[in-house]
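As structure tokens, the structure follows; a few thoughts come after it.
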Amino acid sequence: MSSYEDAFRRSVEDPESFWLAAAQDVEWDTAPTRALDDTRAPSYRWFPDGTLNTSVNALDRHVGAGHGDRTALIWDSAMVPAKRTYTYSELLGEVATFAGALRDQGVVAGDRVIIYMPMIPEAAIAMLACARIGAVHSVVFGGFAAKELATRIDDAQPVLLVTASGGLEPGRTIEYLPMVDQALQLSQTPPHTVIVKDREQIPGSADDYKASSAAWFDWDALVADTSPAEPVAVAATDPLYILYTSGTTGKPKGVVRDNGGHAVALMWSMRNIYDIAAGDVWWTASDVGWVVGHSYIVYGPLLAGATTVMYEGKPVGTPDAGAFWRIIAEYGVKALFTAPTAVRAVRKADPDADELKKYDISSMQTLFAAGERLDPDTYEWATKVLGRPVVDHWWQTETGWAIAANLRGLDPMPLKAGSPTVPVPGYRVEIVDGEGKQVEAGTEGNIVVGLPLPPGTLTGLWHDDDRYRRSYLDTFPGYYLTGDSGFIDDDGYVFVLGRSDDVINVAGHRLSTGSMEAVVASHAAIAECAVVGIRDELKGQRPSGYVVLKAGVDIDHETLRQELVALVRDQIGAVATFRDVTVVDALPKTRSGKILRKTMRQIADHEQYTVPSTIEDPAVLDALREQLGG
Ligand code: COA
Ligand code: AMP
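Counting along the sequence shown from 1, when you hit position 529 you're at 595 in my numbering, and nothing is skipped either side.
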């Protein structure tokens, strides 16, 4: 039996001893005597009698073990440009001090704190500072606009919001403070305090908002006048963070992560999936606003005692397609984790990888990819130009770490193009048909995971147990519904083909077509609309809007397109990348009124499709096909 098979078998046959053994890598205030609490199945809790502090495990523990001088975080901004390095001792100092500032503002364990920040070290410092005092952070991606921020504020009901004067995108600055101010005005439950990290490249400061109903403070002024906070031990089952992610409706889902299971799972993953140990240099090119950034820019590498690189910039154009290779060479990066879109962007700009020849990337052992499917073409190209394993792995905001992977530290297996390899120990992955019956190897179906999910996965949705059960647990009792479809081949390799719901994935960013439809439908000229995710060569998918005008409306279609694009940008944010609008006479629907989004997508992508038997008017599909040239 291979070491993978052995670990997998133990993890599912005896999860109790498997995860209690893994838990020994964590420093506990009270060591857990039990791993799984199944008393409220199908909701599960891990390490119910353990207490710990996550930031102690990420920082104090390494300093205490004599590694305070080791580099914890390297910040490299291609945008400013600027570089900064923090040792573990320095990062601990910054985190403890900012935690003191939060404490002085009245934040206590269990309070929520929204973090709306660009890719600067203070984003990680704020996250770890919350963890230190037991506060629950909720990071909102900087590419979301005021209304999306307000929606998250209303759901999480934070007492405090941490932000920066802004972010830097190629060719423009993003001023955050007007958006924060607007979000506070839109919100029913605005936080009482806002802390602003001033960036000299971007106008605006806390002083400009003295008249606001919240108290606005400058980060630097606050930390200059405070004492460090001591860490607070919390229950392993207490929430560490809420991270909002797109569901099928306009309202985002607040995925709740615990402290104990999260620490155990991430430490296990750093060693067994990524083969990263203390002292290794690790780089995740993502954003702290996404789960990949939470787990593998901030928590995972620091829990492992590694050095994490935090990059503000793009893979191309800042300044060129050699940006990734420069960073690997400059810091001796052992493994890079990014989204396939970034690799496609590099390939498009530099198809022969000429930039790569300028750098010594010999430190690099592996390229990890996730966030969307790593298409075989991109996989082959990256493997060829890098001459190293390019390892796809599949996961979701909900799981917080990989469901399927090639476990480089446990048992590296042969790679297959288009597959994230095998289920990770702890995840009983199965493929089922619409009735919940397991299908044969090679047959496509719904990808589900047998309950309980392993430690580190979501413990629920913030204050919405009903939606949690409806979204994930009710469809196939005993299983977690991933929302992805795919198959498992004869060798046990998982292939993930795409979402089976209305969630789309644009440049590795998970977006809801439902929220875009709500915005488009609010335009005065629109009678009804559908937004579907169509294939895009660079970004994997992009949203495409189909609109039916109200009777009697006469508007130039290009003018309408521009207005809708501006509306989505204003209401959701630039990250929605909403640019395509097609005016159609009618939308194809079933007799019960459900819009046939999947069929529309198939027509737009020029794929084969079967006309659903429940269709209301087949002529609508014919007209659409003619219009889209299918
Ligand atoms: N704040 C404000 N705006 C942001 C933003 C942020 N943090 N991130 C992106 N945007 C804006 C971009 O400037 C762009 O605006 P534009 O329409 O005015 O050009 C828009 O949102 C769309 O962004 P994106 O889809 O990222 O396109 P891009 O052209 O800026 O970059 C890639 C394309 C492929 C280089 C980029 O998407 C990338 O590096 N992707 C990697 C994916 C990734 O990190 N995924 C995270 C999960 S692993
Ligand atoms: P997010 O929650 O933003 O991480 O998005 C999760 C979704 O992205 C998954 O449900 C998949 O649809 C998709 N995804 C992430 N990683 C992969 C992968 N390696 N292969 C295929 N799809 C992926």
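For each residue, glycine too, the CB sits at the ideal point set by N, CA and C.
Any heavy atom of the ligand COA closer than 7 Å to the beta-carbon of residue i?
i             : result
leucine 243   : no
threonine 407 : yes
alanine 351   : yes
alanine 211   : no
glycine 599   : no
proline 381   : yes
leucine 604   : yes
glutamate 464 : no
Locate the alpha helix (DSSP H) running through residue i, then write down its first and last residues.
i                 : result
aspartate 220     : 212-222
valine 451        : 442-452
valine 686        : 684-693
tryptophan 85     : 81-88
valine 289        : 285-290
isoleucine 669    : 663-670
phenylalanine 390 : 389-397
alanine 249       : 243-252
glycine 166       : 154-170
glycine 580       : 579-587
Measuring only from the beta carbon, is residue i closer than 7 Å to any heavy atom that is part of the ligand AMP?
i             : result
histidine 459 : yes
arginine 576  : yes
glutamate 692 : no
alanine 483   : no
alanine 642   : no
aspartate 346 : no
aspartate 550 : yes
Determine the burial state of residue i: buried for a count of at least 16 other Cβ atoms within 10 Å of its Cβ, exposed for fewer.
i             : result
histidine 672 : exposed
threonine 96  : exposed
lysine 319    : buried
glycine 544   : exposed
valine 174    : exposed
glutamate 506 : exposed
glycine 618   : exposed
aspartate 550 : buried
threonine 99  : exposed
glutamate 188 : buried
leucine 563   : exposed
If you reduce the DSSP assignment to three classes, tell me which class residue i lands in.
i              : result
aspartate 115  : coil
arginine 265   : coil
tyrosine 559   : coil
asparagine 472 : coil
glutamate 296  : coil
isoleucine 638 : coil
serine 109     : coil
aspartate 142  : strand
tryptophan 334 : helix
glutamine 674  : coil
lysine 28      : A question about residue 28 goes unanswered here, because the residues of the chain that appear run from 67 up to 696.
glutamate 438  : coil
Is the beta carbon of residue j closer than 8 Å to that of residue i?
i              : j              : result
glycine 466    : alanine 331    : yes
asparagine 119 : proline 297    : yes
threonine 432  : alanine 401    : yes
arginine 136   : glutamate 93   : no
serine 69      : leucine 476    : yes
proline 244    : threonine 163  : no
glutamine 504  : glutamate 510  : no
threonine 680  : threonine 656  : yes
threonine 255  : aspartate 220  : yes
methionine 185 : glutamate 378  : yes
glutamate 235  : glycine 639    : no
serine 588     : isoleucine 600 : no
histidine 459  : tyrosine 307   : no
alanine 138    : leucine 157    : yes
tyrosine 612   : alanine 596    : yes
aspartate 284  : valine 262     : yes
alanine 652    : valine 614     : yes
Can you name the start and end residues of the beta strand (DSSP E) that residue i belongs to?
i                 : result
proline 187       : Counting along the chain, proline 187 falls outside any beta strand (DSSP E), though it belongs to the alpha helix (DSSP H) covering 187-199.
valine 597        : 592-602
asparagine 512    : 511-516
threonine 407     : Threonine 407 -> not in any beta strand (DSSP E); alpha helix (DSSP H) instead, spanning 406-415.
tryptophan 348    : 347-350
glutamate 464     : Neither: glutamate 464 is in no beta strand (DSSP E) and is coded neither H nor E.
phenylalanine 434 : 432-435
leucine 615       : 606-615
tyrosine 546      : 545-554
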